Every structure is written in C-alpha cells, then in structure tokens.
Amino acid sequence: MIAAIVLAAGASTRFGSPKQALLLEPVLMRVRESRAVSDVVVVLGAHEVETSARAVQCPEWERGPGASLRCGLAALGGEVEAAVVVLADGPGIDPRAIDRVVAAWRGEAGDRVAATYGGVRLHPLLLARDAWNEVPDAGLRALPAALVPCDDLTPPGDVDFADEMEGGHREEQNDYGHGAR
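According to the numbering used here, the sequence shown holds residues 45 to 225 in order.
Printed below as a string of structure tokens:
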C-alpha cells in the first residue's frame, strides 16, 4: 500500500496568512487522482486548517520539514510500504508524476525516488519504509534519490507569496534554488 503525506505545517510567514487554507484542498484533489495512492495524511503544525483528509498535528513543526514528515510517517499503518511526499503549497502537482515515482520505486529504483522537471529535483518524492528512519530535520533535499524525469509535466509549483495566487510572479529564488513560482 502506498500513502501520500501532504506537508502543510509551515507558518506561511512570506504569504501573510495561512496559505494552506487556500491551497490544501486543490493539492489533495490532485493527489487523490493518482492511481497509486491508497491513503492520504496531511501534516499540520502552525495553523489549524480544515481538510477533507486525515490530519495529524506536528508539535515539532518548527524544527523543519523533516520533523513534519516524521510526524506523518508515524501516523501511517504497518501495511504502508512507502510514502509519497507532497507539499501543500504546490498546487500544480500532477497525479501522473506521483504514479511515475511509485512505478520507478516498484521497478527497484531504490528507497528514495524523486521527480525532476527540466533537470531540477522537486516533488513528489517517494520514501520507502526502509528509509523512514533516515529523515533529518532539514528534510530530504540533501539525501540522494533516484530521479524520475517528468519534463513533459508541469512542475508542482511553490506558492510563497499571496500575489502569486493572483497570477503574479516573483523572480527571487526560493529555498529549493528555483523560481518562487
């Protein structure tokens, strides 16, 4: 069984209000369109947000995305073989990217598998159960992963600022080294 963990614990300080309230349900809709995912867990932290999925509260969310991910992993049952990690502020996540990452893992790609878009590693990222104990507070970005090209798909996006919701675009770089959109 494959579960999806949607990380939605952040404070949304750059956005100015809980962006999860606007972005979470569209992300969940897309995740549920994946043929590979059987369960979805949302990890909350800084804000209480209504969600149509099972939610867990992460009291240590301020430690980093890895702490939030560990909370989500702890909420999964013993039947879950792997978790697909998705960010709540990536409303363009394509369900086909989720399916490709899961298919690569099933094809023996390794315990960590990530989608790439134009050579840039983004989400979704799959973490097999054998690798669940390896999650650092900073998250999985620094850990190696097998890469699955998703160049023909739209990247998931990364909404950091409220004006991006209205079609605006910032040229600044975000924490992942790509444009904030």
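The beta-carbon is built from N, C-alpha and C at its ideal position, and this holds for glycine as well. Bear in mind that the values here come from a model prediction, so they are computed numbers and not experimental data.
Query                                                                                                                       : Result
Where Asp83 sits in the DSSP three-state scheme                                                                             : strand
Ala182 in three-state terms, based on DSSP                                                                                  : coil
Bridge partners - Ala48, DSSP secondary structure assignment                                                                : Val84, Val128
Span separating the alpha-carbon of Arg79 from that of Leu171                                                               : 17 Å
Distance between beta carbons of Trp105 and Ser96, contact taken as under 8 Å                                               : Contact flag wrong, Cβ pair sits at about 21 Å.
Three CB pairs or more closer than 8 Å across the stretch 156 to 173 and the stretch 83 to 94                               : no
Segment limits, beta strand (DSSP E) that includes Leu170                                                                   : 164 to 172
Beta-carbon contacts of Glu69 that lie in its chain and below 8 Å, excluding the five residues immediately before and after : Thr95, Ser96
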